[in-house]
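S.K.:
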Amino acid sequence: MAKGGFVQALKDAVLVEKPRINAQVTFDKKLIMDVFLLMVAGTCTALQGAVNGSMSIHVNGGFGSWLSFAFGSVLLFIFFIIDTRGGKTIKWKNAFKTAPWWCWLGGIPGAAFVLFITLFIPYRGSAVVSGITICAQMLTSLLVDCFAFFGCNHRPTTLPRLGGMALIIAGVLMVALG
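Throughout, the working numbering is defined as the position within the sequence shown, counted from one, plus 2.
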């Protein structure tokens, strides 16, 4: 939470300021790679929903979601082993002592996401479900930034950010109703 507590966070929630052009953005190789990898992640999210939705037609939706997590967990475990040299680079005692309780629950929203897209895509369609979830992700992200939840840096909700959110909502409505 922002310094000064909840009341100060509310006061800082919506800040009217001049739009910043390229504020703290430098176009270097790292930025280009970051954008590329995030686009790959977004593509994977859309593909995951479509594939899981198809799986739910052939098996129970809950089992399809579990299966998706099982295969994904294998890939994440391989990455974990490579990244941490078998867990040797992690200070386990420190992690258990210093990490807030909610850090250990991050898989629960991810599981809910996979379950819901698996259940809804077969009859709502990939574009509509993806649009609604992206809209919800952006709205939630604005709140997380605005109130500095979960140790994130505080970024006030400015008029340009609210305008961007309105455009996302309008886009989702156009896709859903079009």
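Yeah, the Cβ is synthetic: ideal placement off N, Cα and C, and Gly gets one too.
Do you know offhand how far Val-130's Cα is from Phe-122's?
M.R.: 10 Å
S.K.: Ends of the alpha helix (DSSP H) at Ile-83?
M.R.: 63-85
S.K.: Please report the distance separating the alpha-carbon of Leu-33 from that of Ala-101.
M.R.: 29 Å
S.K.: Please name the residue in Asn-62, Ser-67, Val-174 whose C-alpha comes closest to that of Ala-138.
M.R.: Val-174
S.K.: If you measure between the beta carbons of Pro-124 and Ser-56, is that distance less than 9 Å?
M.R.: Using a Cβ distance threshold of 9 Å, Pro-124 and Ser-56 count as a contacting pair.
S.K.: In this structure, how does DSSP classify Cys-154 when only helix, strand and coil are distinguished?
M.R.: coil
S.K.: For Val-76, count the other beta carbons within 10 Å of its own beta carbon; 16 or more makes it buried, fewer makes it exposed. Which is it?
M.R.: exposed
S.K.: On a Cα-Cα basis, can you pick out the residue from Phe-149, Phe-115, Gly-165 that is closest to Gly-63?
M.R.: Phe-115
S.K.: Rounded to whole angstroms, what's the CA-CA distance from Thr-120 to Lys-95? Just pull it up for me.
M.R.: One alpha carbon belongs to Thr-120, the other to Lys-95, and they sit about 37 Å apart.
S.K.: To the nearest angstrom, how far is it from the Cα of Cys-46 to the Cα of Gly-88?
M.R.: 26 Å
S.K.: Using the Cα positions of Leu-17 and Ala-168, report the straight-line distance between them to the nearest angstrom.
M.R.: The pLDDT assigned to Leu-17 is 45, lower than 50, so where the model puts this residue is not dependable; a value taken from the coordinates is nonetheless given after this. Distance between the alpha carbons of Leu-17 and Ala-168 is about 17 Å.
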